[in-house]
Amino acid sequence: MDKHDIAKILDEIALLLEIQGDNPFKIRAYERAARSIENLDADIHEVIKKGSLRDIPGIGEKIAEKIETLVKTGKLPYYIDLKASIPKGVLEFLKIPGLGAKKAKILYDKLGLKSIEELKKAAQKNLIADLPGFGEKSQKKILDSLDKLLSYNKRHLWWDAESIAEPILEGLKKLKEVDRVEVAGSFRRKLETVGDLDFLVATKKPKAVMDFFTTQKWVSEVLNKGEAKSSIRLKNGMQADLRVIPDKSYPFAELYFTGSKEHNIKLRERALSMGYHLNEYSLDPLKIKPKAEKDVYQALKLSYIPPELREDMGEIEAAAVGKLPKLIEEKDILGAFHCHTTYSDGHNTLEEMVKRADELNWAYIGIADHSKSSFQANGMQLDRLEEQLAAIKKLNLSGKYKAHIFAGLECDIMTNGKLDFADSVLKELDYVIVSIHRSFTLSQKDQTKRLIKAIENPYTTMVAHPTGRLLLKREPYAIDIDKVIDACIANNKIMELNGNPMRLDLDWRYWHKASQKGLKCAINPDAHSVHDLEYVRAGVNIARKGWLEKKHVVNSLPLDQIKKLLNQKGL
DNA sequence: GCCGTTTTCGGCCCGACTGTTTTCAGTCG
């Protein structure tokens with residue numbers, strides 16, 4: 015039972031209480047406790063041992079007791095009883111747009127509906143329209159959305175969401191009635207996946223903007239439409255909301271609609287404690303006329319908090335004492351190390367990749383093709399590796415390109431933790447990235463041991479995509495990430511932040527603490543074509559979410575310094 | 001259920017839209 019399991023149970027208790035119609039503030043208390051546990055830095059078992067559970071914000075007497083029972087016995091009678099009182103299927107009702115806890119309870123109480131299937135049959139038999147609080151329209155809406163539930167609830171990679179948002183944003187920008195516009199929400203916070211798109215517009219003519227937004231070619235359905243707020247369903251099932259606001263309120267609205275919800279609640283509480291009242295229109299009774307968000311933060315005696323950090327992970331506390339990090343920026347990146355070519359499974363040649371690095375004004379590019387065991391990725395046998403090494407040397411000597419080429423390798427880690435090539439081969443290279451591409455199902459203990467053994471190899475330089483996750487597709491393999499981080503630090507090895515939009519691995523939630531302990535980061539594109547080098551941008555987004563500064567990121571170092579760093583290998 | 005340098009009781013973030021009502025509850029973000 016780890017902190018994620020506990021947080022999940024606390025969240026589920028909150029949902030169950032909601033359906034039971036319990037005190038809303040009690041429900042929020044459980045939700046808050048869940049977030050606190052989820053964001054906990056320390057090991058939950060240690061915290062319990064020290065008896066400091068109640069020092070965690072949002073954890074009081076009752077919830078502390080429940081967590082202790084849960085951790086010590088693996089189960090919680092209170093939770094078991096609660097679950098027994100409401101069928102699991104009723105929780106599924108909450109996923110249907112327009113159905114919340116109250117209505118879910120009515121469906122269960124009055125008609126005894128226990129699953130999505132039963133709900134569908136009841137709607138088809140016209141049994142729902144007569145229920146209190148329901149009507150013809152809500153019955154039809156339930157039926158309509160049931161078929162599309164899967165696409166509605168789908169999240170999208172941030173990278174994909176960007177290309178969906180772009181034409182809508184451009185369309186709004188061109189509208190003469192629009193004074194200011196941007197995409198807020200989790201998209202602006204650069205969260206790795208995005209559920210829906212939140213557009214924010216400043217205008218004096220809301221109606222014209224709303225009419226435009228709800229009638230364009232990207233609309234598949236108008237969910238609701240008002241003067242201040244409209245929602246549409248896009249063709250791919252994604253929801254897009256538009257909020258319209260007078261220009262004088264824009265900074266407040268920007269803050270509010272960027273979130274996160276937890277960040278906003280903390281801000282409002284802070285405002286209240288200072289005698290103010292904060293909403294998306296103003297900060298009363300303060301008569302400030304902010305031009306930008308930073309003016310609002312300033313009024314709350316906080317330094318400006320970049321959107322990426324607004325996750326209630328300590329940023330408000332840090333901003334209150336002027337201790338926010340100076341986040342890494344894309345322009346700080348001077349090169350990258352995880353790039354493939356046609357020597358293995360890349361689409362572009364070595365020279366094409368280097369040329370592109372030149373165009374990006376990079377000072378260096380590291381080529382790391384797959385090793386022989388990755389036959390699925392056309393991994394290189396020794397002769398091909400030697401051939402590539404010679405080609406890189408030649409190209410460097412030719413002086414044809416400004417970018418220096420580092421000769422590396424993405425070396426497979428065998429199931430026993432040994433590397434795919436012997437040390438005598440590895441030592442000829444400028445650097446070695448080690449990674450796991452098979453045997454994902456080892457136990458956590460064995461997988462951790464395997465990776466740490468590879469980290470301890472003297473010729474290992476950095477660890478690629480350490481959890482192997484593919485966002486929205488494949489869960490991370492079981493691994494004790496804290497131990498892996500500690501092993502990297504102890505052996506002076508670099509951890510990759512893989513910028514492939516589907517990986518973004520190591521996850522941002524680990525980086526703040528890990529970097530403070532001394533973990534070095536390389537933001538890599540894991541590029542398989544010249545276009546993929548752009549993934550560095552996605553990597554920088556996530557690095558910023560992880561509080562990383564330039565000093566933590568090795569590929570912000572100029573050429574002479576990165577050479578020096580790589581030469582430390584084998585020490 | 002949590003919390004407190006105005007409080008150990010009485011607060012707890014707050015506004016827009018929809019559909020079902022006949023003045024508002026429920027949902028959503």
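Residue numbers (the numbering used here): 15 to 585. Cβ coordinates follow ideal geometry from the N, Cα and C atoms, glycine included.
From what residue to what residue does the alpha helix (DSSP H) around V223 run? Position 209 of the first sequence, counting from 1, holds the residue named residue 223. Start and end: P220 to F227.
For G349, report the span of its beta strand (DSSP E) as first-last. Residue mapping note: residue 349 aligns to position 335 of the first sequence, counting from 1. Run containing G349: G349 to C353, per the beta strand (DSSP E) assignment.
Is there contact here, the segment 182-194 with the segment 211-228, by at least three beta-carbon pairs under 8 Å? yes
For L374, which three-state DSSP category applies? Numbered from its first residue, the first sequence carries residue 374 at position 360. If DSSP states are grouped into helix, strand and coil, L374 belongs with coil.
Quick check: the Cα distance between Y290 and R284, rounded to an integer number of angstroms? Reading the first sequence from its first residue, position 276 is the one you call residue 290. Reading the first sequence from its first residue, position 270 is the one you call residue 284. Y290 and R284: Cα-Cα distance of roughly 8 Å.
Reduced DSSP category for I469 - H, G, I as helix; E, B as strand; rest coil: Locating residue 469 in the first sequence gives position 455, counting from the first residue. Helix.
Mind checking which residues open and close the alpha helix (DSSP H) that includes S245? For the purposes of this step, residue 245 is taken as residue 231 along the first sequence, with counting starting at 1. Note, S245: premise wrong, no alpha helix (DSSP H); beta strand (DSSP E) at K243 to L248.
Could you give the distance in angstroms between the alpha-carbon of L323 and the alpha-carbon of A306? Locating residue 323 in the first sequence gives position 309, where the first residue counts as 1. Locating residue 306 in the first sequence gives position 292, where the first residue counts as 1. Their backbone Cα atoms lie some 17 Å apart in a straight line.
Considering only C-alpha positions, which residue in the set K239, P539 and I493 is nearest to L511? Your numbering for residue 511 matches position 497 in the first sequence. Ranking K239, P539 and I493 by Cα distance to L511 puts P539 first.
Beta carbon of S50, beta carbon of I27: below 8 Å? Along the first sequence, read from residue 1 onward, the residue named residue 50 stands at position 36. Along the first sequence, read from residue 1 onward, the residue named residue 27 stands at position 13. Contact flag unset, no.
Given L211 as reference, the closest of A222, A242 and A179 once Cα atoms are compared: In the first sequence, counting from the first residue as 1, residue 211 sits at position 197. Comparing Cα positions, the closest option is A179.
Residue range of the beta strand (DSSP E) that R68 falls in? Start at 1 with the first residue of the first sequence, and residue 68 comes out as number 54. Run containing R68: none; DSSP gives neither H nor E here.
Residues sharing a beta bridge with S358, DSSP: The residue you call residue 358 lines up with position 344 of the first sequence. Answer is none; S358 lacks a bridge partner.
Backbone secondary structure at I259 - three-state DSSP: Taking the first sequence and counting its residues from 1, one reaches residue 259 at position 245. Looking at I259 - three-state DSSP - the assignment turns out to be strand.
Looking only at its own chain, which residues have a Cβ that is under 8 Å from the Cβ of H59, when we skip the five neighbours before and after it? Here the question's residue 59 lines up with position 45 in the first sequence. Only V85 meet the Cβ criterion.
Among I41, A436, D500 and V498, the one whose alpha carbon lies nearest that of P472: In the first sequence, the residue the question calls residue 472 occupies position 458. The shortest Cα separation from P472 among I41, A436, D500 and V498 belongs to A436.
Hey, quick one: how far does the alpha helix (DSSP H) through K190 stretch, first residue to last? Counting from one through the first sequence, the residue named residue 190 turns up at place 176. That residue, K190, is in no alpha helix (DSSP H); it is neither H nor E in DSSP.
For the alpha helix (DSSP H) holding A1, just list the boundary residues, first then last. The question about residue 1 has no answer, for the chain in this structure spans 15 to 585.
Does DSSP put Q530 in a helix, a strand or coil? As a working note, residue 530 is residue 516 in the first sequence. Correct three-state label for Q530: helix.
Mind checking who N538 pairs with in its DSSP beta bridge? Taking the first sequence and counting its residues from 1, the one referred to as residue 538 is at position 524. DSSP output for N538 lists N512 as bridge partner(s).
Let me make sure I understand the geometry here. Which of L292, H566, Y524 and A404 has the alpha-carbon closest to that of T481? Position 467 of the first sequence, counted from the start, is the residue given in the question as residue 481. Closest option to T481, Cα to Cα, is Y524.
Spatial neighbours of I77 in its chain, beta-carbon cut-off 6 Å, leaving aside the 5 residues before and after: Translated into the one-based positions of the first sequence, residue 77 becomes position 63. These residues qualify, in order along the chain: A47.
Burial state of K221 (16 or more Cβ within 10 Å): Numbered from its first residue, the first sequence carries residue 221 at position 207. Exposed, by the Cβ-count rule.
Is the Cβ-Cβ distance between S358 and G380 less than 8 Å? Working through the first sequence from its first residue, we reach residue 358 at position 344. Working through the first sequence from its first residue, we reach residue 380 at position 366. Not in contact: S358 and G380 (Cβ atoms no closer than 8 Å).
Determine whether the beta carbon atoms of L281 and R558 lie at a separation below 8 Å. For this step, residue 281 is matched to residue 267 along the first sequence. For this step, residue 558 is matched to residue 544 along the first sequence. The answer is no: Cβ separation not under 8 Å.
In terms of residue numbering, what span does the alpha helix (DSSP H) encompassing V439 cover? On the first sequence, position 425 is the one that residue 439 refers to. Unbroken alpha helix (DSSP H) run through V439: D437 to L440.
Backbone CA spacing between I142 and L127 [nearest angstrom]: Your numbering for residue 142 matches position 128 in the first sequence. Your numbering for residue 127 matches position 113 in the first sequence. Going by the C-alpha atoms only, they are around 11 Å apart.
Strand pairing of H18, partner residues [DSSP]: Your numbering for residue 18 matches position 4 in the first sequence. Paired residues: none, contrary to the question.
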